[in-house]
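Engineer: I'd like to ask you about the structure that follows.
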Amino acid sequence: MAGYTEHISVSGFLGIGYGTIASLFMGFTPTQGILAGVLTWVGGMLPDLDSETGRPIKELFSLTAAVASFVAMRCMIHKGADPDNAILMAVVTYAAVRYGAASILSKFAVHRGMFHSIPALIIAGETVFLAYFSDSYTVKFLMAGGISLGFLSHLVLDEVYSVERKGVTIRLKKSSGSALKWFGKGLFGNAVAYAILLTMTYISLVDSGVLIPPQQTAPIENIDAPVKQASPFRTTERL
Numbered sequence: 018m019a020g021y022t023e024h025i026s027v028s029g030f031l032g033i034g035y036g037t038i039a040s041l042f043m044g045f046t047p048t049q050g051i052l053a054g055v056l057t058w059v060g061g062m063l064p065d066l067d068s069e070t071g072r073p074i075k076e077l078f079s080l081t082a083a084v085a086s087f088v089a090m091r092c093m094i095h096k097g098a099d100p101d102n103a104i105l106m107a108v109v110t111y112a113a114v115r116y117g118a119a120s121i122l123s124k125f126a127v128h129r130g131m132f133h134s135i136p137a138l139i140i141a142g143e144t145v146f147l148a149y150f151s152d153s154y155t156v157k158f159l160m161a162g163g164i165s166l167g168f169l170s171h172l173v174l175d176e177v178y179s180v181e182r183k184g185v186t187i188r189l190k191k192s193s194g195s196a197l198k199w200f201g202k203g204l205f206g207n208a209v210a211y212a213i214l215l216t217m218t219y220i221s222l223v224d225s226g227v228l229i230p231p232q233q234t235a236p237i238e239n240i241d242a243p244v245k246q247a248s249p250f251r252t253t254e255r256l
């Protein structure tokens, strides 16, 4: 499979191209293009969050925590929260992702498990779509597309590196097919991944207006209220 350097290099170049095209040819602002490019770069490293402990993984968790904290702060400010509360939320989010999530994943996640899968790719895109606050759904789709493109580049690169060529002979390594997959080997991992996927998909469809959630029934009027009696002498309606 591809190494850490290859992943960040490929996703970085993709991010530059994605952000440039968005800014120059798709009508987005330069700032939006840069953000989309950065998300593409980050997305190219996300599948390796389940890797063994090492310096690159610590750096990746630190970067992911930093991005999550900025998103949390922006969310709080967007909702009109006090600046101090927004900063506090950013700090808490950073600590939760950097230390809490890292500890949980190190104990339960399996490398090249469902983190390296198409459902995980979709979940990453939907998470960014819901977390990025914007009045324009086009901008939200741009950001979700960036993280998804980077994520996809990681999976494709792993599959490319699983093909070994010796002269005219092509041989597939044992890791072949372990990245671009819909299901993993463990039943529990598959169940958790698809439960998250279905939940995130439903929320995303509701948020984008594709699905309309069930509305609450209108309150029943008080049947004990007095009813106005019609005149017994009125037998016809005047036109």
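Residues in the sequence shown are numbered consecutively from 18, following my numbering.
The C-beta atom is built at its ideal place from N, Cα and C for all residues, glycine as well.
Between the alpha carbons of Ile213 and Val84, how many angstroms are there, rounded?
Structural biologist: C-alpha separation (whole angstroms): 21 Å.
Engineer: Kindly list the residues whose CB is nearer than 8 Å to the CB of Ile140, restricted to its own chain and excluding five residues on each side of it in sequence; keep chain order.
Structural biologist: Ala210, Ile213, Leu214, Met217, listed in sequence order.
Engineer: Count the CB pairs spanning the segment 152-171 and the segment 130-144 that are closer than 8 Å, and state whether there are at least three.
Structural biologist: The segment 152-171 vs the segment 130-144: in contact.
Engineer: For Ala107, tell me which candidate among Met93, Gly97, Ala119, Leu77 has the shortest Cα-Cα distance.
Structural biologist: Ranking Met93, Gly97, Ala119, Leu77 by Cα distance to Ala107 puts Met93 first.
Engineer: Give me the Cβ distance between Ser170 and Leu31, rounded to the nearest whole Å; I'm assuming they're in contact under 8 Å.
Structural biologist: Contact flag correct, Cβ pair sits at about 6 Å.
Engineer: Quick test of your reading: Pro230 and Val223, contact by CB under 8 Å. State the CB separation rounded to the nearest angstrom.
Structural biologist: With a Cβ gap of about 6 Å, Pro230 and Val223 count as contacting.
Engineer: Buried or exposed for Tyr219, please, with buried defined as at least 16 other CB atoms from any protein chain shown within 10 angstroms of its CB.
Structural biologist: Counting Cβ neighbours within 10 Å, Tyr219 comes out exposed, since fewer than 16 surround it.
Engineer: With distances taken from CA atoms, which of His24, Arg91, Ala148 is nearest Ala103?
Structural biologist: Of the listed residues, the one whose Cα sits closest to Ala103 is Arg91.
Engineer: Nearest to Ala119 by alpha carbon, out of Phe87, His95, Ala82?
Structural biologist: Ala119 has its Cα closest to that of Ala82, out of Phe87, His95, Ala82.
Engineer: For Arg115, which of Glu76, Ala196, Thr57 has the nearest alpha-carbon?
Structural biologist: If we check each option's Cα against that of Arg115, Glu76 comes out closest.
Engineer: Which two residues bound the contiguous alpha helix (DSSP H) that contains Gly142?
Structural biologist: Element bounds for Gly142: 135-148.
Engineer: So what does DSSP say about Val209, is it helix, strand or coil?
Structural biologist: Reduced to three states, the DSSP call for Val209 is helix.
Engineer: Does DSSP put Lys157 in a helix, in a strand, or in coil?
Structural biologist: Looking at Lys157 - three-state DSSP - the assignment turns out to be helix.
Engineer: Start and end of the alpha helix (DSSP H) containing Phe200?
Structural biologist: Careful: Phe200 lies outside any alpha helix (DSSP H) and carries neither H nor E.
Engineer: Look at the alpha carbon of Leu52 and the alpha carbon of Tyr149, and state the distance between them as a whole number of angstroms.
Structural biologist: Roughly 11 Å separates the two Cα atoms.
Engineer: Since Met106 is in the alpha helix (DSSP H), which residue starts that stretch and which ends it?
Structural biologist: Start and end: 100-112.
Engineer: Using the three-state DSSP reduction, which class does Val227 fall into: helix, strand or coil?
Structural biologist: Coil at Val227, not helix or strand.
Engineer: When the Cα of Tyr21 is compared with those of Tyr178, Leu228, Leu122, which residue comes out closest?
Structural biologist: The shortest C-alpha separation from Tyr21 is found at Tyr178.
Engineer: Could you check which residue in Val156, Gly130, Leu122, Ala89 has the C-alpha nearest to that of Thr110?
Structural biologist: Among Val156, Gly130, Leu122, Ala89, the Cα nearest to that of Thr110 is on Ala89.
Engineer: Quick one: give me the first and last residue of the alpha helix (DSSP H) that Glu30 is part of.
Structural biologist: It is Phe, not Glu, that sits at residue 30 in the sequence shown. It spans 21-42 - the alpha helix (DSSP H) in which Phe30 sits, taken as one unbroken run.
Engineer: Label Asp101 either buried or exposed according to how many other C-beta atoms from any shown protein chain fall within 10 Å of its C-beta, with 16 as the threshold for buried.
Structural biologist: Under this definition Asp101 is an exposed residue.
Engineer: Measure the C-alpha to C-alpha separation of Trp199 and Trp58 and round it to an integer number of angstroms.
Structural biologist: Cα to Cα, Trp199 sits roughly 23 Å from Trp58.
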